[in-house]
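Position one of the sequence shown corresponds to residue 154 (the numbering used here), numbered consecutively onward.
Below: the structure, in structure tokens.
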Amino acid sequence: MLKPEDRDQMYITQDGFLREHGEVDMVYWNDGKGHFTLLSWTDGRFMDERGRPLAGPPRDWGFSVMLRDIDGDGVPDIYVCNDFWSPDRIWLNDGKGKFRALARTALPDTSSFSMGVDFADINRDGFDD
154 MLKPEDRDQM YITQDGFLRE HGEVDMVYWN DGKGHFTLLS WTDGRFMDER GRPLAGPPRD
214 WGFSVMLRDI DGDGVPDIYV CNDFWSPDRI WLNDGKGKFR ALARTALPDT SSFSMGVDFA
274 DINRDGFDD
């Protein structure tokens, strides 16, 4: 039997095995001088789609990350490709050091089996498509 707080992180298979949903994702801040600082998921820097600070770190199967200005506001956002049961995640940068999760309904059909991500200007208008 799983504790209620573990239901989003683990599951029990039909044959009785306990499986976890990925490992805790980690984000490091690079100051540009060779120093990397581990960031906290729960200090208010990362928010859920409603704008509330995360209660815990995502436990996904991340395979690839791309930083790109997805929403056209001039600051890099974060696209995380996840495999297995984890949907891809997009974190929108507010330009002030905070990232808000894109609502899952904004992209209702993301893959749960991504291995990589890339962006391209297919029509050559100067913007990613």
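Backbone N, C-alpha and C fix where the C-beta goes; we use that ideal spot for every residue, glycine too.
Computed from a prediction, not measured in an experiment: that's the story for all the values here.
For this session: Could you pull the start and end residues of the beta strand (DSSP E) that ILE223 belongs to?
Result: Note, ILE223: premise wrong, no beta strand (DSSP E); not H, not E.
For this session: Pull up the distance between the alpha-carbon of LEU220 and that of PHE199, whole angstroms please.
Result: 15 Å
Exercise. Which word fits SER267, buried or exposed, when buried means at least 16 other C-beta atoms lie within 10 angstroms of its C-beta?
Worked result: buried
Problem set entry | Candidates ASP178, ASP184, TRP182, ASP224: closest to ASP281 by CA position | ASP224
For this session: Evaluate TYR181 with the Cβ neighbour count: other Cβ atoms within 10 Å of its Cβ, from every protein chain shown; 16 or more gives buried, anything less gives exposed.
Result: exposed
For this session: Name the two residues that bound the continuous beta strand (DSSP E) containing PHE252.
Result: 252-254
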